[in-house]
Amino acid sequence: MDALISEAAVRLLWTRIPAAGVYYLGPPMATAVIVLAALFLAIALGFIYYVILRAPWRTQRRSLSLPPGPRGNRFSGIPNEVLNIQPWRKYAEWAEEFQSPVIHLRTFNRTIIVLNSSTSIKDLLVKRASIYSDRPFSWMYYDICGRGKTVFNISSMDKRHGVYRKVLDRGINRRGNVPGDVGKGGSEGGSGSYWGLLEEEVEVLVDRIMKDPEGYEKHFRHNSASVIMKLAYGYSIKENDPFLKLAEESARISGWALAPGKWLVDYYPILRFLPTWLPGPLTEFKRLGQHWKQRMDLFSDVPHEWVKGQMASGSYIESFTSRLLRDIQEKSASHPQPGHREEDRITEDIIKWCAVGLHAGAADTTVCALTSFILLMALHPQVKKRVQAEIDEIEFIGEGELPRVRIRDLPKLKYLKAVMKEVLRYAPIGNLVCELNGSLALPHKVIQEDVYMGYRIPKDATVLANVWAIMHDPTLYPDPFTFNPDRFFNLGVDSPKSEDALLSDPYTTTKPVQQVNPDPRNFAFGFGKRVCPGIQFAETSLLLCMASILSRMDISLPVASKDIHQVPKIDFTTGLTSHIKPFPIEIQRRR
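Residue numbers (UniProt numbering): 1 to 591.
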């Protein structure tokens with residue numbers, strides 16, 4: 001792997017990647033004349049584009065108004081309050097202020113619709129998923145950086161979208177379910193195919209935390225990366241692993257390239273026709289995008305080629321990529337189908353992008369959930385002790401003083417499952433499906449004009465789901481700011497039948513979504529056609545990590561003086577994924 005990365009890197013022009021938050025960076029202008037000429041050209045082209053294609057007088061008058069919303073600043077249209085705070089809280093406040101669960105904002109020339117209630121999300125993103133499942137097109141990311149084929153950003157109207165979901169579902173969900181789901185239409189070997197991987201890696205995680213308790217968040221990241229790299233490529237990561245550095249770099253670049261409001265070319269696509277050779281900051285976005293494309297292509301191509309090389313040598317470890325590559329090789333040899341449309345079948349390119357999507361989808365989500373979990377256990381010792389008592393009731397044979405929890409034991413841990421649900425509700429992994437100032441944007445887009453609650457939803461509007469507002473809605477979750485796993489315990493939803501329905505389709509439940517204390521997985525993993533394709537695997541991994549940690553470790557707040565604990569104030573990080581901001585805790589081996 002090191003040799004592949006080095007060989008590919010030598011061919012690149014290495015330049016420093018700018019820090020996030022910088023709009024355009026570049027060398028000084030050669031002359032003032034070129035600056036003025038380039039600026040005049042950009043303004044003129046933008047004005048012509050607006051007058052001809054976007055001018056209000058060309059738009060047919062409509063009698064219906066947009067949903068209510070705040071006024072934005074004169075330049076970008078983005079309300080100033082959103083730029084410097086956790087935006088999900090402000091959106092919820094505006095929904096209350098305007099007495100509407102649906103609000104709208106403007107950013108440059110785009111309309112943004114924010115959904116702040118479970119009803120509006122279900123009505124639009126689920127029931128009308130056929131028109132609300134697209135993605136806004138990012139010219140900077142998709143076109144200039146060449147990432148138009150990524151799993152989570154590809155248009156729902158692209159035939160690849162459906163193929164991606166089928167490949168991922170077949171590749172991970174039916175091999176990574178909890179034991180109660182084994183045999184439900186899965187492939188040979190069932191979920192046990194990945195049980196060994198998860199159980200092996202969780203032992204490494206527990207050992208690392210015991211040796212270095214203060215670095216628990218770092219250990220969660222190592223565990224997540226190790227699981228995904230082995231799952232996707234059969235590759236075992238090392239300390240300071242070069243491939244892992246590529247993956248992390250690609251994630252950072254994606255965040256910068258997708259950051260809403262940062263790149264004018266996303267709002268005025270005509271700017272992409274400016275020639276790259278034109279010097280100065282006006283075209284630096286194109287040079288930057290070309291460099292970023294080279295770096296992210298390394299992340300996509302190098303591990304895929306590494307797997308192919310391992311397979312050719314006969315010394316590979318079975319993985320998502322190797323299994324699918326072998327399948328298409330065998331089918332091609334035995335049943336060639338030259339007339340079959342490429343976009344409807346699994347190709348090597350499909351496999352490559354699906355493997356990249358595995359890392360993109362799981363890199364931070366499990367880390368955030370486990371970080372919030374371990375901090376909440378320190379804050380709520382009574383919950384921690386109750387989970388430990390439940391684990392202790394399991395009959396472990398020949399496991400010693402501190403037994404290992406196996407995946408086969410997870411169905412017995414009903415209270416732990418309630419704790420996991422409450423962690424997802426209390427500290428949502430993604431407070432928004434998209435953030436205006438977040439590190440990575442995954443919004444929905446409506447592909448045709450629509451009407452909802454008497455309001456007009458314009459074609460091509462960006463649609464955000466305010467997950468935080470739903471998870472803290474007192475009409476859905478009484479006393480929402482209290483961490484209380486009992487709200488999900490013994491509610492009649494833990495039977496295999498209803499549990500399977502929830503896992504296979506988060507909205508196929510025996511009760512309406514508007515019930516009190518609905519399953520937070522209905523909202524935590526996306527909506528409609530954009531539901532996370534790895535929800536079952538993620539849940540299994542989370543439950544196993546939580547059970548293994550509490551079976552062998554005690555977590556508590558540090559004692560200040562005279563046995564008095566200092567209870568910290570809870571706050572949350574901001575980004576695509578979110579978790580409780582770390583505060584001092586103590587982790588010790590359980591006695």
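Just so it is clear, CB atoms sit at the ideal spot from N, CA and C, and this is done for glycine as well. From a predicted model like this one, the values you see are computed outputs, not experimental measurements.
(request) Could you name each continuous alpha helix (DSSP H) segment of 4 residues or more that falls completely within the stretch 509-540, going from the start of the chain to the end? (result) The stretch 509-540 contains these whole alpha helix (DSSP H) runs: 521-524.
(request) Determine contact between the stretch 114-121 and the stretch 316-324, defined as no fewer than three beta-carbon pairs at a distance below 8 Å. (result) Look at the beta carbons and you see the stretch 114-121 not touching the stretch 316-324: under three pairs across the two are nearer than 8 Å.
(message) For His-444, list the residues DSSP reports as bridge partners.
(response) Answer by DSSP bridge pairing, in chain order: Val-463.
(message) Looking at Lys-421: is its Cβ nearer than 8 Å to the Cβ of Pro-520?
(response) Contact: yes.
(request) State the start and end residues of the unbroken alpha helix (DSSP H) segment that holds Ile-587. (result) Careful: Ile-587 lies outside any alpha helix (DSSP H), inside the beta strand (DSSP E) at 586-589.
(request) Have a look at Glu-203 and Phe-481 and give me their C-alpha separation to the nearest angstrom. (result) Those two C-alpha atoms are separated by around 33 Å.
(message) I'd like the list of long-range same chain contacts for Asp-473, defined as Cβ closer than 8 Å, with 5 residues on each side in sequence excluded.
(response) The beta carbon of Asp-473 sits closer than 8 Å to the beta carbons of Ser-117, Ser-118 and Pro-480 from its chain, once the five residues preceding and following it are set aside; these are given in chain order.
(message) If the criterion is Cβ atoms closer than 8 Å, does the pair Val-423 and Ala-465 meet it?
(response) Not closer than 8 Å, so no.
(request) Mind checking which residues open and close the beta strand (DSSP E) that includes Arg-106? (result) 102-107 is the span of the beta strand (DSSP E), which, as asked, contains Arg-106.
(request) Let me know the secondary structure DSSP gives Arg-345 once reduced to three states. (result) Arg-345 falls in the coil class under three-state DSSP.
(message) Based on DSSP bridge pairs, tell me the residues matched to Asp-450.
(response) Looking at the DSSP assignment, Asp-450 forms a beta bridge with Ile-457.
(request) Can you say whether Ile-522 is buried or exposed, counting buried as having 16 or more other CB atoms within 10 angstroms of its CB? (result) It is Asn, not Ile, that sits at residue 522 in the sequence shown. Buried, because 16 or more other Cβ atoms sit within 10 Å of the Cβ of Asn-522.
(request) Give a yes or no on contact between the stretch 256-265 and the stretch 129-142, applying the rule of three or more CB pairs nearer than 8 Å. (result) Counting Cβ pairs under 8 Å, three or more are found: they touch.
(message) Quick check on this structure: which residue in Pro-213, Val-367, Ser-236 and Gly-148 has the alpha carbon closest to the alpha carbon of Glu-539?
(response) The residue from Pro-213, Val-367, Ser-236 and Gly-148 with its alpha-carbon nearest to that of Glu-539 is Val-367.
(message) Rounded to the nearest angstrom, what separates His-104 and Lys-445 at their Cα positions?
(response) The alpha-carbon atoms of His-104 and Lys-445 are separated by roughly 14 Å.
(request) State buried or exposed for Thr-371, treating a residue as buried only when at least 16 other CB atoms are found within 10 Å of its CB. (result) Thr-371 comes out buried.
(message) Quick check on DSSP: helix, strand or coil for Val-151?
(response) Secondary structure of Val-151 (DSSP, three-state): coil.
(request) Could you pull the start and end residues of the beta strand (DSSP E) that Asp-554 belongs to? (result) Run containing Asp-554: 553-556, per the beta strand (DSSP E) assignment.
(request) Within its chain, find whatever has a CB closer than 7 Å to the CB of Phe-152; leave out the 5 residues flanking it on each side and keep chain order. (result) Within the same chain, Phe-152 has close Cβ partners Gly-357, Ala-360, Gly-361 and Leu-442.
(request) Look up Thr-111 in the DSSP assignment and say whether it is helix, strand or coil. (result) DSSP, read as helix, strand or coil, puts Thr-111 in strand.
(message) Can you find the residues in the same chain that come closer than 6 Å, C-beta to C-beta, to Gln-588, ignoring five residues on each side of it along the sequence?
(response) So the list reads Asp-554, once near-sequence residues are dropped.
(request) Return the chain-ordered list of same chain residues with a C-beta closer than 7 Å to the C-beta of Tyr-455, the five sequence neighbours on each side being excluded. (result) Excluding sequence neighbours, Tyr-455 sits near Leu-64, Ser-65, Leu-66, Pro-67 and Val-102.
(request) Sort out for me which residues DSSP pairs Asp-134 with in a bridge. (result) Answer by DSSP bridge pairing, in chain order: Lys-445.
(request) Report the three-state DSSP secondary structure of Ile-172 (helix, strand or coil). (result) Under the three-state reduction of DSSP output, Ile-172 falls in the coil class, being neither helix nor strand.
(message) Here's the rule I'm using: 16 or more other beta-carbon atoms within 10 Å means buried, otherwise exposed. How should Arg-408 be labelled?
(response) By the 10 Å Cβ count, Arg-408 comes out exposed.
(message) By the three-class DSSP mapping on this structure, what secondary structure does Pro-582 have?
(response) Three-state DSSP puts Pro-582 in coil, outside helix and strand.
(request) To the nearest angstrom, report how far apart Arg-287 and Thr-276 are at their CA atoms. (result) If I take the Cα positions, the gap works out to 7 Å.
(request) Would you tell me roughly how many angstroms separate the C-alpha atoms of Ile-374 and Gln-388, rounded to the nearest one? (result) In a straight line, the C-alpha of Ile-374 is about 13 Å away from that of Gln-388.
(request) Out of Ser-548, Cys-545, Ile-351 and Phe-527, state which residue places its alpha-carbon closest to the alpha-carbon of Pro-303. (result) Closest by alpha carbon: Ile-351.
(message) Rounded to whole angstroms, what is the Cα-Cα separation between Val-516 and Leu-298?
(response) Straight-line Cα distance between these residues: approximately 48 Å.
(request) Note down the Cα distance separating Glu-318 from Gly-234, rounded to an integer number of angstroms. (result) Rounded to the nearest angstrom, the gap between the Cα atoms of Glu-318 and Gly-234 is 6 Å.
(request) Would you identify the three-state DSSP class for Ile-570, choosing helix, strand or coil? (result) Look at Ile-570 here: in three-state DSSP terms it is coil, with no helix or strand label.
(request) Enumerate in chain order the residues of its own chain whose CB-to-CB distance from Ala-44 is below 8 Å, with the five nearest sequence positions on each side excluded. (result) Spatial neighbours of Ala-44 in its own chain (CB-CB distance under 8 Å, excluding positions within 5 residues in sequence) are not present.
(request) Output the distance between the C-alpha atoms of Leu-543 and Ser-332, rounded to the nearest integer angstrom. (result) Taking C-alpha positions only, Leu-543 is separated from Ser-332 by approximately 39 Å.
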